[in-house]
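Residue numbers (the working numbering): 93 to 392. Backbone N, C-alpha and C define an ideal beta-carbon position, used for all residues, glycine too. Just so it is clear, the structure is predicted and the values come from calculations on it, not from any experiment. Everything on this sheet refers to the single structure shown next.
If you want it as structure tokens, here you go:
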């Protein structure tokens, strides 16, 4: 049995059907109150659990051999922190997994996860990685660059809004199509030769934010401007938006940019060594080809 945490999220919504298509037994863990009917319709067992509530985790882990841990935050809702969810939440889940006799723990981290990273998000990812490496389970840590595909936030944001770019827009990312990431995660769950390793994965070549914005415009048939903004101004805008976080949250809305996200957009995010071909045997898909596989041009 494979337990997928964060099953209702972007990556989880693609991973669950991919695992089921491979005829693997899957249990999907979602936070209490999250929609789960669509998961049940895919033939998976759905359980509620919260990594910030350790007592809720053991029932979800009964009979589980492998955990694929997707729970994470890009931005912090009111009263929730990266430290509580990403670092301590991972610690609680790993402890419960060890107690339940889980064999393998697969963790989706991110390129740039370092203890000295500028962003708190990346620092807490690094803390979580350290917790996992010191644990009793076999582990596989996967560090993707930016993940895109149907339902992602970043491409939709750039497709529909004139998102400003920090500085000269020449920071590099290496986007990976979610379809390829979920196949990598399936292999990490099943292949014994991948145990206790960390893999960076991304598309064929790094691209700049400028190139990303131009490619999204070209594929979607739009001409949205993406002005360059000094980092200091972007941080000030993010600070102002964070002041609106609570009232927007009460309306069911989230702010589009935080200071932590602004910092992440100033740091290169690409693979030192891309394992996608050699280790996982996948053909590299360019960002433009990946977009064209699912993104339809805007109506004239």
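Starting from residue i, trace the beta strand (DSSP E) in both directions and tell me its first and last residue.
| i | result |
| --- | --- |
| residue 209 | First-last for residue 209: undefined, no H or E at that position. |
| residue 117 | Segment: none, residue 117 is in no beta strand (DSSP E) and carries neither H nor E. |
| residue 95 | 94 to 97 |
| residue 198 | 196 to 200 |
| residue 236 | 230 to 236 |
| residue 291 | 289 to 293 |
Just to confirm my understanding: we take residue i, look at its own chain, exclude 5 residues before and 5 after, and list those with CB closer than 8 angstroms. What are they?
| i | result |
| --- | --- |
| residue 328 | none |
| residue 311 | 380, 383, 384, 387 and 389 |
| residue 150 | 188, 191 and 192 |
| residue 171 | none |
| residue 364 | 292 |
To which residues of the same chain is residue i closer than 7 angstroms at the C-beta, ignoring the five residues directly before and after it?
| i | result |
| --- | --- |
| residue 369 | 376 |
| residue 392 | Note that residue 392 scores a pLDDT of 48, beneath 50, so its modelled location is shaky and nothing firm can be said. |
| residue 111 | 94, 118 and 278 |
| residue 134 | 108, 109 and 112 |
| residue 144 | 176, 177 and 181 |
| residue 124 | 140 and 142 |
| residue 127 | 100 |
Taking C-alpha atoms, which residue in the options lies nearest to residue i?
| i | options | result |
| --- | --- | --- |
| residue 153 | 174, 134, 180 and 194 | 194 |
| residue 160 | 99, 126 and 304 | 99 |
| residue 265 | 203, 283, 322 and 111 | 203 |
| residue 240 | 338, 267 and 254 | 267 |
| residue 102 | 200, 171, 332 and 219 | 200 |
| residue 250 | 309, 109 and 297 | 309 |
| residue 285 | 219, 231 and 220 | 231 |
| residue 304 | 221, 263 and 271 | 263 |
| residue 213 | 252, 183, 164 and 182 | 164 |
| residue 121 | 96, 130, 145 and 129 | 96 |
| residue 273 | 288, 256 and 371 | 371 |
| residue 158 | 287, 129 and 342 | 287 |
| residue 229 | 156, 206, 245 and 246 | 156 |
| residue 270 | 245, 129 and 351 | 245 |
Ends of the alpha helix (DSSP H) at residue i?
| i | result |
| --- | --- |
| residue 276 | 270 to 282 |
| residue 245 | 245 to 252 |
| residue 311 | 301 to 312 |
| residue 335 | 323 to 335 |
| residue 353 | 351 to 356 |
| residue 384 | 379 to 384 |
Might you give, ordered along the chain, the residues of its own chain that have their beta carbon closer than 6 angstroms to the beta carbon of residue i, omitting 5 neighbours on each side?
| i | result |
| --- | --- |
| residue 290 | 233 |
| residue 258 | 323, 326, 357 and 358 |
| residue 148 | 141 and 142 |
| residue 355 | 210 and 211 |
Residue i and residue j: beta carbons closer than 8 angstroms?
| i | j | result |
| --- | --- | --- |
| residue 137 | residue 119 | yes |
| residue 197 | residue 227 | yes |
| residue 362 | residue 211 | no |
| residue 261 | residue 302 | yes |
| residue 313 | residue 378 | no |
| residue 320 | residue 254 | no |
| residue 182 | residue 220 | yes |
| residue 374 | residue 275 | yes |
| residue 316 | residue 333 | no |
| residue 146 | residue 184 | yes |
| residue 205 | residue 235 | yes |
Can you tell me whether residue i sits near the ligand FMN, meaning its C-beta is under 7 angstroms from at least one heavy atom of the ligand?
| i | result |
| --- | --- |
| residue 168 | With respect to the ligand FMN, the structure offers nothing, as it holds no ligand at all. |
At the 8 angstroms Cβ level, is residue i part of the contact set with chain D, yes or no?
| i | result |
| --- | --- |
| residue 314 | Considering every chain present, this structure includes no chain D. It has just one protein chain. |
- In chain order, which continuous runs of the beta strand (DSSP E) of length 3 or greater are located wholly inside the segment 128 to 186? 137 to 140 and 158 to 161
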